[in-house]
Amino acid sequence: MNLGKKTKIVCTIGPVTENLEKITELIDAGMNVARLNFSHGDFAEHQKRVDNIREAMRKTGKTLSILQDLCGPKIRIGTFKDKMITLHQGQTFTLTTDEVEGDENKVHINYPQLPQEVKKGSIIMLQDGSKRLEVLEIKSHDIITKVMIGGSLSGRKGVNVPGANLSLSALTDKDRADVAFGVRNSVDFVTLSFVRRASDITDLRKILDDAKSDAHIIAKIETPEALDCIDEIISAADGIMIARGDLAIEIPAEEVPLVQKLIISKCNAVGKPVITATQMLESMVKNPVPTRAEVSDIANAIIDGTDAIMLSEETTLGDFPIEAVKVMTKVAARVEKEIYTRDTIAGYRPPHGVTDVVSQSAVRCAHNVEAALIVALTRSGRSARMIARYRPAEPVLALSDNQAHANKLMLTFGCYPMVAPTFKTVDEIMEIVRKVTLDTGLVKKGDKVVIVAGMPFGTAAETNMILVETL
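Residue numbers for the sequence shown follow our numbering, so the first one is 346 and each next one is one higher.
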């Protein structure tokens with residue numbers, strides 16, 4: 346039996362992939378989660394994408410998650426009269442909170458408090474850190490800088506101030522309106538950008554709760570402040586995205602690989618999904634094949650224990666979006682075959698609580714009896730996530746009677762969710778398992794499966810039962 350790769354692939358849907366045909370191709374190539382980036386586009390564009398994603402799911406019969414990525418309090422420059430300018434090393438260049446049309450000497454900045462929150466000597470970076478300015482002086486609404494690293498610059502580019510403790514709110518008015526759109530469209534995940542503290546997650550959780558949404562919250566880690574309280578953020582959120590682009594601007598680039606490994610390890614320990622993002626196959630925006638370094642980057646993220654790997658510009662504006670997904674799929678499948686075997690249980694740690702003990706025991710049992718499959722009968726999806734964190738060699742088939750909970754498991758490593766009827770007896774469990782495994786060809790007659798469930802049946806009971814059955 347081969348259900349394909351276990352590592353999940355998140356694809357950002359954009360202009361080159363938003364039609365039904367391309368989304369279907371992405372699914373066939375290995376996409377598990379469709380990301381909508383609300384830093385770009387309007388509601389009409391995103392509605393069209395949501396509708397096409399749902400139609401592609403119906404067409405292919407495959408489960409897919411929709412992830413809404415909020416813009417967050419991103420500081421950006423305004424536009425230029427001539428569309429693009431060139432900054433020259435050594436020249437002075439002014440950032441102003443006044444509404445002006447930009448030129449080679451001055452440009453608007455959309456954060457009114459910035460003149461009060463930087464000081465002489467502060468470094469300001471533009472366009473993902475490719476342009477560097479040093480603050481010379483502050484005059485009322487103007488920040489006068491010296492260009493340290495110049496180059497071509499167009500409007501609406503991002504601004505970073507490494508080391509500055511900015512008073513930005515994690516949720517903007519735009520984000521609140523975008524969340525309402527996401528709730529109306531029943532998105533599975535909402536990603537909160539520029540998280541700095543656990544209370545940012547709590548604020549978004551209240552908005553979702555008030556709207557009666559069960560969307561899970563993904564905290565995007567891209568600031569030093571978030572790293573300072575990473576344990577609290579992981580505890581408050583439902584999952585984590587390691588946004589390596591902005592993070593590498595805010596902290597030294599050589600620290601990012603170590604931070605990536607640390608965050609992945611912490612998420613694995615508590616069974617929360619983690620996405621590794623940014624520039625994973627950037628060369629494939631224009632080239633049909635990846636660099637060797639990119640292949641190694643993908644492989645190492647999987648070896649680290651990431652649940653998911655993400656494509657951004659590669660699938661929004663790139664010339665080879667389908668090929669990029671296929672590369673990720675092939676690399677993931679090859680790495681998993683090598684490192685996740687029956688010889689080891691990944692991330693072993695002393696279990697805490699009944700669900701943890703049963704989950705770990707189920708993985709050991711599946712190894713020992715050479716099971717073809719682990720079946721987790723789960724209402725919320727938690728037991729499947731707890732099993733998957735041990736990275737069993739066997740696929741984890743997660744059966745839930747709730748489509749929304751099933752969708753969310755598409756972000757978890759090694760989980761293959763399906764919607765199944767509610768059960769009340771062991772006989773009903775076996776009937777359901779046989780129907781969704783033997784009848785669909787997932788396993789063959791004579792294969793062993795390990796079944797995990799909670800008693801009493803039909804309730805949100807703690808996972809406390811293991812069955813080993815020969816089908």
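Glycine is no exception: its CB is placed at the ideal position from the N, C-alpha and C atoms.
Residue i (DSSP reduced to helix, strand or coil)
i: S706; result: helix
i: F526; result: helix
i: S467; result: coil
i: T405; result: helix
i: T785; result: coil
i: Q413; result: strand
i: T441; result: strand
i: G590; result: helix
i: A564; result: strand
i: H453; result: strand
i: K671; result: helix
i: D487; result: strand
i: F817; result: This structure gives no information on residue 817, because the portion of the chain shown stretches from 346 to 816.
i: T815; result: strand
i: K631; result: coil
i: V504; result: strand
i: L459; result: helix
i: L553; result: helix
i: K476; result: strand
i: F388; result: helix
i: H712; result: helix
i: A515; result: coil
i: T547; result: helix
Nearest-angstrom Cα separation, counted from residue j out to residue i
i: V524; j: N713; result: 46 Å
i: N377; j: I354; result: 5 Å
i: S384; j: I563; result: 16 Å
i: F526; j: F388; result: 8 Å
i: D520; j: V532; result: 14 Å
i: G759; j: S514; result: 36 Å
i: N382; j: E390; result: 11 Å
i: L537; j: I420; result: 15 Å
i: G359; j: T636; result: 23 Å
i: D548; j: D784; result: 45 Å
i: A622; j: G616; result: 19 Å
i: I777; j: E807; result: 20 Å
i: A598; j: N505; result: 14 Å
i: C612; j: H453; result: 39 Å
i: A593; j: D792; result: 48 Å
i: K769; j: I719; result: 20 Å
i: V528; j: L432; result: 42 Å
i: K404; j: V680; result: 30 Å
i: T781; j: S725; result: For the record, residue 781 in the displayed sequence is Val; it is not Thr. The straight-line gap from Cα to Cα measures roughly 19 Å.
i: Q705; j: K682; result: 21 Å
i: I483; j: G447; result: 18 Å
i: G496; j: T424; result: 16 Å
i: I430; j: I469; result: 18 Å
i: K476; j: I422; result: 12 Å
i: L516; j: M655; result: 23 Å
i: V676; j: A556; result: 40 Å
Residues that residue i bridges to, as DSSP identifies them
i: G496; result: L432
i: G799; result: T808
i: C356; result: A379, L656
i: A866; result: Limits of the chain in this structure are 346 at one end and 816 at the other, which puts residue 866 out of reach.
i: R421; result: G503
i: E482; result: I489
i: G447; result: F425
i: I585; result: A564, V619
i: F534; result: L412, H561
Any C-beta of chain C under 8 Å from that of residue i
i: K464; result: Among the chains in the structure shown there is no chain C, since it carries only a single protein chain.
Are the segment 588-600 and the segment 542-555 in contact at 8 Å, needing three or more beta carbon pairs? With a cut-off of 8 Å, the segment 542-555 and the segment 588-600 do not count as touching, because too few Cβ pairs lie within range.
Identify every run of the alpha helix (DSSP H) within the segment 724-790, keeping only runs that are complete inside it and at least 4 residues long; order them along the chain. Entirely contained in the segment 724-790, the alpha helix (DSSP H) runs reaching 4 residues are, in chain order, 727-733, 748-753, 771-782.
Contained alpha helix (DSSP H) runs [length at least 4] in the segment 595-629, N- to C-terminal order: Listed in chain order, the complete alpha helix (DSSP H) runs (minimum 4 residues) inside the segment 595-629 are 601-615.
Determine, using beta-carbon pairs with one atom in the segment 760-780 and one in the segment 737-751, whether at least three such pairs fall under 8 Å. Yes, the segment 760-780 is in contact with the segment 737-751.
Is it the case that the segment 535-543 contacts the segment 569-578, given that we only count it when at least three CB pairs across the two stretches are under 8 Å? Judged by pairs of C-beta atoms under 8 Å, the segment 569-578 touches the segment 535-543, as three or more such pairs exist.
Any chance the segment 356-372 sits against the segment 660-668, with 3 or more Cβ pairs inside 8 Å? Touching, yes, given that three or more Cβ pairs across the two stretches are closer than 8 Å.
Flag this pair as touching only if the segment 436-443 and the segment 486-501 have three or more C-beta atom pairs under 8 Å; answer yes or no. Yes, the segment 436-443 touches the segment 486-501.
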